[in-house]
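In numbering that gives the first Met the number 0, the protein residues as written are 0 to 195.
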Amino acid sequence: MAFVHLRTHTEFSVVDGTLRIDEVAPAAKADGQVALGVTDLSNLFGAIKFYKACRGKGVKPIIGVDVWMDPLPDAADRVPTRLALLVQDKQGYLNLSELLGRSWTKNVQRAQAWVRWDWLQELGGGLIALSGADMGAVGQALLGGDVPRAEAAARELARIFPGRFNLELQRAGLPSHESHVRATVPLAARLQLPVV
């Protein structure tokens with residue numbers, strides 16, 4: 000199976016992305032990638048431009064968003080976590096648009112739009128969820144040594160996204176990535192969840 004970037008941030012992730020959409024589609028094509036995912040931070044501003052750029056190069060566009068999540072209800076702190084939501088179909092695009100609209104109009108915290116867990120339950124249809132790697136609820140719990148909490152978060156996400164939730168691994172050279180990978184793989188095996 001060919002490698003596909005599922006979490007590219009573009010210029011529309013203003014404080015985080017340096018890649019320009021006009022450059023990523025040709026780069027993916029030149030690299031032999033058959034698809035490319037863009038998950039800008041809390042917005043879909045570049046979705047149409049990205050879609051057209053990828054289609055023009057023969058690369059399948061995967062549209063998504065990297066969202067900030069409200070802390071779980073039992074969280075001792077009020078620290079948000081991350082979750083990547085990928086559009087699976089038209090309903091998923093509509094649901095993702097609604098989630099973003101709600102988060103920007105009803106739940107802005109620390110100048111960030113946070114998605115509430117109960118909204119995911121209501122609007123999770125047509126979306127594929129990636130756990131957020133070491134910045135997600137599962138990853139943060141694992142890095143904190145709280146395996147039961149990580150397992151509970153993974154089970155909740157798997158319940159909300161039946162057959163559409165993946166534990167996410169990243170290896171980009173950050174110190175937390177290797178310890179996160181070592182903790183996530185056994186959890187995935189135990190819960191029989193796919194890993195990306």
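Heads up, the beta-carbon is just placed ideally off N, CA and C, and yes, glycines get one too.
All of these numbers come straight from a predicted model, not from anything done at the bench.
heavy atom of the ligand GTP below 7 angstroms from residue i C-beta
i     : result
ASP21 : What this structure holds is no ligand at all, so the ligand GTP is not there to describe.
Local Cβ density within 10 Å of residue i, reported as buried at 16 or more and exposed below that
i      : result
LEU85  : buried
ALA110 : exposed
THR9   : buried
ILE47  : exposed
ALA29  : exposed
ALA188 : exposed
ALA171 : exposed
GLN32  : buried
GLY138 : buried
THR79  : Before going on, a small fix: residue 79 reads as Pro here, not Thr. Its Cβ being crowded by 16 or more others within 10 Å, PRO79 is buried.
LEU173 : exposed
ARG148 : buried
CB-CB length for residue i against residue j, believed under 8 angstroms
i      : j      : result
VAL58  : LEU35  : 5 angstroms
PHE186 : ALA153 : Looking at the sequence shown, residue 186 is not Phe but Leu. Confirmed, Cβ separation roughly 6 angstroms.
For residue i: DSSP bridge partner residues
i      : result
VAL86  : LEU126
ASP39  : VAL64
LYS59  : ALA34
PHE2   : Answer is none; PHE2 lacks a bridge partner.
LEU18  : THR9
LEU166 : VAL194
Residue i and residue j closer than 8 angstroms at C-beta
i      : j      : result
PHE2   : PHE44  : no
GLN87  : GLY143 : no
LEU5   : VAL195 : yes
LEU93  : SER130 : no
LEU166 : LEU192 : yes
GLY135 : ILE159 : no
LEU190 : GLU150 : yes
ARG199 : ASP69  : Residue 199 is absent from the model: the chain starts at 0 and stops at 195.
VAL23  : ILE62  : no
TRP103 : TRP67  : no
ASN42  : VAL14  : no
Neighbour flag for residue i against chain C, beta carbons, 8 angstroms
i      : result
VAL146 : You won't find chain C in this structure, because it holds only one protein chain.
If you scan the segment 94-153 from start to end, which runs of the alpha helix (DSSP H) of 4 or more residues do you find wholly inside it? Considered as a whole, the segment 94-153 harbours 116-122, 136-142 as its complete alpha helix (DSSP H) runs of no fewer than 4 residues, in chain order.
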